[in-house]
Each structure stands twice: as C-alpha cells, then as structure tokens.
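2 protein chains.
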Amino acid sequence: MPTDDRAETRITAGWHRHGAAWAAAVRGRRIASRAAVTDKALIDAILEQRPARLLDLGCGEGWLARSLAPKGIAVTGIDASASLVDAARRAGGGDFRVADYADLPADLGVFDLAVSNFALLGHDPVEHLLAALPQFLRPGGRLLIQTLHPLAASDSPYADGWREDSWAAFSDAVADPPPWYFRTLGSWVRLLSRHQWRLRELREPAAPGAARPASVLFIAQPD
Amino acid sequence: MPTDDRAETRITAGWHRHGAAWAAAVRGRRIASRAAVTDKALIDAILEQRPARLLDLGCGEGWLARSLAPKGIAVTGIDASASLVDAARRAGGGDFRVADYADLPADLGVFDLAVSNFALLGHDPVEHLLAALPQFLRPGGRLLIQTLHPLAASDSPYADGWREDSWAAFSDAVADPPPWYFRTLGSWVRLLSRHQWRLRELREPAAPGAARPASVLFIAQPD
Chain A
0 MPTDDRAETR
10 ITAGWHRHGA
20 AWAAAVRGRR
30 IASRAAVTDK
40 ALIDAILEQR
50 PARLLDLGCG
60 EGWLARSLAP
70 KGIAVTGIDA
80 SASLVDAARR
90 AGGGDFRVAD
100 YADLPADLGV
110 FDLAVSNFAL
120 LGHDPVEHLL
130 AALPQFLRPG
140 GRLLIQTLHP
150 LAASDSPYAD
160 GWREDSWAAF
170 SDAVADPPPW
180 YFRTLGSWVR
190 LLSRHQWRLR
200 ELREPAAPGA
210 ARPASVLFIA
220 QPD
Chain B
0 MPTDDRAETR
10 ITAGWHRHGA
20 AWAAAVRGRR
30 IASRAAVTDK
40 ALIDAILEQR
50 PARLLDLGCG
60 EGWLARSLAP
70 KGIAVTGIDA
80 SASLVDAARR
90 AGGGDFRVAD
100 YADLPADLGV
110 FDLAVSNFAL
120 LGHDPVEHLL
130 AALPQFLRPG
140 GRLLIQTLHP
150 LAASDSPYAD
160 GWREDSWAAF
170 SDAVADPPPW
180 YFRTLGSWVR
190 LLSRHQWRLR
200 ELREPAAPGA
210 ARPASVLFIA
220 QPD
C-alpha cells in the first residue's frame with residue numbers, strides 16, 4: 000500500500016494540471032476551514048518562532064510568503080508544480096523554486112523554520128523530505144507541519160492509505176483532484192520519530208465550540 | 000476550570016464508594032472496549048518494553064498485576080481507593096498499596112516501567128504525579144499511559160474540562176460515577192512536555208476496520 004508510483008505521479012500531474020483552479024480557490028478564500036481557522040493558526044505558530052528565514056514546503060501559489068513578507072520574514076517557497084510556482088512568482092513576496100521533496104536543491108539555503116501547510120500529500124517523497132530537511136535548518140531550527148486532522152478527516156477505517164479527494168466545496172471545475180496519502184496520528188508521530196525529529200508540540204486548531212479540530216499542527220526539531 | 004477541589008474529591012470518594020461495582024465490571028470483562036481492544040494493546044505494549052519491575056498507577060482491583068505475574072513481571076500497584084486496593088490484595092499477583100498521585104511514598108521502589116491504564120482521571124494530582132514520577136524510574140525507564148482517545152471520547156466542544164461519566168453500559172448499580180478531567184490530544188502532549196517527559200510513541204489501538212480508535216497510548220521517557 001504505502002509505495003504507489005501511480006498515485007505519486009497523479010499527485011504531481013494533478014497539481015500541475017489544476018494549478019489555476021487551486022490558485023483561484025486559495026486567493027478567493029473559498030476553502031472554508033482555511034479562512035475560518037487554519038491560516039491564522041499557522042501564521043500565529045510561525046510568528047511565535049520569530050524566524051528570519053523561512054522555507055515553505057509545498058508553497059503552492061505563494062499566499063504564505065505574501066502574508067509574511069510585510070512582517071520582515073524572508074520566505075523561500077518550493078513546489079513540485081511549475082504552474083503554481085509561476086503563479087507564486089507573478090504575485091511576489093518571496094523566492095519561489097520548482098523542486099521535488101525527494102530531491103531538494105543543495106543551494107536552497109539554511110532556514111530558521113521550515114513550514115508545510117496541507118502540503119505533505121504523498122508517501123515516499125515525504126519520507127525523503129524528512130530525512131534530508133535537517134541539513135537545511137540552522138541548529139535549533141524547527142519544522143512546522145499543518146495537515147488534516149486524521150480523526151476529523153475521515154470516516155473510512157482508521158488506517159494509513161491512499162485516499163481520493165474532492166474539491167467540490169471550493170472548485171466546480173475540478174472533477175479529478177489529485178489523491179493523497181492518509182496517515183493516522185500514531186503514524187505521523189512514528190514518521191517524525193523514524194527520521195529523528197523530536198515532537199515538541201501538537202496543536203489542534205478548532206473553530207470556537209467545535210466538536211472536532213479543523214487541523215493538526217506538529218512542531219518538531221531535529222534530534 | 001482546571002483546579003476544582005470538589006471534582007477531585009468526588010473522584011476519590013466515588014471510586015472508593017463504587018469499588019465493588021467496578022471490580023465486578025472489570026473481573027466480569029463487562030467493559031466492551033477493554034475486552035475487545037485495549038487490554039491486549041496495553042499488555043502488548045508492556046511486553047515489548049520487557050520490564051522486570053512495573054509500577055501500576057491507579058491499579059484498581061489489580062487485573063494487570065494478575066495478567067503479568069505469570070510472565071515473571073513484578074508489579075507494584077498503587078491506588079487512592081482503599082476498597083479497590085483491598086480487592087487487589089485479596090486476589091494477589093502483586094504488591095498493592097493505597098497511595099495518592101500527589102504524594103507517592105518515598106519507599107515505593109525503582110521501576111523499569113510505570114503504567115497507567117485509564118486511571119489518570121483528575122487534574123492537579125496528575126500534574127503532581129508526572130512531576131514526581133521520574134525519580135521512581137531507573138535511567139532509561141519509561142511511562143506508558145493508556146487513556147480514552149480524546150476524539151473518540153466526546154461530542155462536547157473539543158476543549159479541556161471536567162466531564163461527568165456513565166457506567167450504564169457495564170454496571171446497573173452505579174447512578175453517580177465519579178467525574179473525570181478531559182484533555183485534548185494537544186493538551187496531553189503539552190502536559191507530558193511541561194513535566195519534561197519526552198513522547199516516544201503515540202499508539203491508537205482500534206478494533207479491526209473501526210473508523211475511530213478505542214484509546215490512545217502514550218509512551219514517554221524522562222528527558
């Protein structure tokens with residue numbers, strides 16, 4: 000189950016093909032949980048760390064860099080989708096590069112904080128990324144991952160595996176969005192631990208009064 | 000909200016008053032999730048650690064000691080309820096003592112592993128326990144906590160707080176079971192971190208095919 004080259008290829012191809020629809024959804028703030036809860040939770044968590052240089056993993060169309068630039072944070076964004084990186088460059092606010100998680104450019108730089116916002120979508124590339132990432136962080140640097148809360152995300156059997164997605168709530172035009180690899184909470188914690196990341200904090204951003212969190216946010220540090 | 004002396008007192012008094020009903024429910028294996036999933040998950044996790052000496056925190060009527068004694072594991076059980084400790088002593092399998100989490104006896108001993116199975120029910124006493132416990136573990140010793148999975152346990156707003164309980168599913172006789180203090184997952188992780196415990200693993204025991212885990216199991220180590 001974990002290794003599925005076809006699914007990994009569908010992720011890359013799907014995000015490239017649907018880059019324009021995705022950029023429109025993000026820029027129009029059409030994804031309700033992001034507008035209501037998770038964008039602010041991410042930015043709050045970033046500002047607490049007071050980074051000068053930030054690496055945005057899976058930057059997409061670049062909204063995070065544009066939000067952080069006025070606060071004096073220098074953002075380098077990478078994304079495997081050339082169409083999304085183009086969109087990010089046109090809008091500005093950071094330095095954007097096309098790059099695969101499994102093959103980070105050696106000259107990427109050294110950062111205070113690496114962030115991934117709902118962008119660790121595959122299986123093998125994520126393993127490669129977590130193995131290589133510490134060399135791009137300064138001593139004491141941290142990793143911040145925001146992702147779907149595994150227990151809010153799914154009514155399927157609670158087990159790791161590939162899942163189909165739907166963008167119906169925010170994009171009429173996309174009938175075949177890319178798949179993603181679901182991990183249980185236990186599996187996220189194991190994944191970090193396997194690559195010698197130490198979990199410092201686990202946050203569960205939620206709308207006020209909600210019975211379920213909107214996301215989970217891991218803050219980790221190389222061991 | 001966190002500090003509530005009345006609730007803490009109701010915990011102690013309630014477990015003492017309902018000790019016989021509780022012992023009957025555990026010994027009759029009437030709590031479905033324990034019989035189906037969580038007892039085995041706990042014992043498997045304990046055996047992986049290969050402890051020679053184990054401290055059972057909130058041992059209740061002592062089932063865990065009786066399960067582990069045949070495997071050569073020496074169990075010391077503590078519980079705040081004298082009636083439950085009496086029941087445990089009568090059944091044997093370990094060394095059982097009445098003790099409060101907030102005031103562990105200095106001569107308790109040194110253990111390879113401390114375990115708490117659905118028995119960290121209050122607020123302040125749990126903080127005291129986690130602060131004092133490292134001195135009762137040998138270097139490299141671990142703590143294993145099994146508790147209700149915060150996201151499976153509640154449809155209330157997802158936030159820390161006192162909760163009333165119901166024993167209706169396994170005990171007709173008890174209309175007023177003791178309350179317990181609900182913690183979110185993020186709050187459990189913060190609690191461990193605040194007391195210098197390092198989270199090594201987070202497991203989510205589930206029945207096969209279940210959409211939700213039956214419990215969460217934290218494996219931690221003093222920092």
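Top to bottom, those sequences are chains A and B.
Residues in the first sequence are numbered consecutively from 0, following numbering that gives the first Met the number 0.
Residues in the second sequence are numbered consecutively from 0, following numbering that gives the first Met the number 0.
Every residue gets a Cβ at the ideal spot worked out from N, C-alpha and C, and that includes glycine.
Predicted, not measured: the structure shown is a model, and the values here were computed from it.
Using a Cβ-Cβ cut-off of 7 angstroms, B:A205 is close to Y157 of chain A, given in chain order. A distance of 8 angstroms or more separates the beta carbons of A:L53 and A:F95.
Contacts with chain A at 8 angstroms (Cβ-Cβ) include B:A210. As a beta-bridge residue in DSSP terms, A:W179 pairs with A:R162. Chain-ordered, the chain A residues with CB closer than 8 angstroms to the CB of B:V188 read L198, E200 and L201. For B:T37, there is no enclosing alpha helix (DSSP H), as DSSP gives it neither H nor E. A:W14 has its alpha-carbon roughly 25 angstroms from the corresponding atom of A:A68. Within the DSSP bridge table, the entry for A:F117 names no partner. Listed in chain order, the positions of the region 168-185 of chain B with a beta carbon within less than 9 angstroms of a beta carbon of chain A are T183, L184 and G185. Using beta-carbon distances, B:S214 does not count as an interface residue toward chain A, since no partner is under 8 angstroms. Using beta-carbon distances, A:L150 counts as an interface residue toward chain B, with a partner under 8 angstroms. A straight line joining the alpha-carbon of B:G185 with that of A:G92 spans about 32 angstroms.
Think of a sphere of 8 angstroms around the beta carbon of B:S192: the chain A residues whose beta carbon falls inside it are R199 and E200, in chain order. DSSP places B:L191 within a helical segment (H, G or I) once states are collapsed to three.
The residue from A:A210, A:T183 and A:L129 with its alpha-carbon nearest to that of B:T183 is A:A210. Contact annotation: B:P133 and B:A101 have beta-carbon atoms that are not nearer than 8 angstroms. Annotated as proximal: A:A206 and A:A35, with beta-carbon spacing under 8 angstroms. Per the C-alpha coordinates, the member of B:L46, B:L56 and B:A40 positioned closest to B:G71 is B:L46. B:G208 carries a coil assignment under DSSP once its states are collapsed to helix, strand and coil. In this structure A:L143 does not touch A:V188 by the C-beta definition: roughly 15 angstroms separates them, more than the 8 angstroms allowed. The beta carbon of A:R28 sits closer than 6 angstroms to the beta carbons of A34 from its chain, once the five residues preceding and following it are set aside; these are given in chain order.
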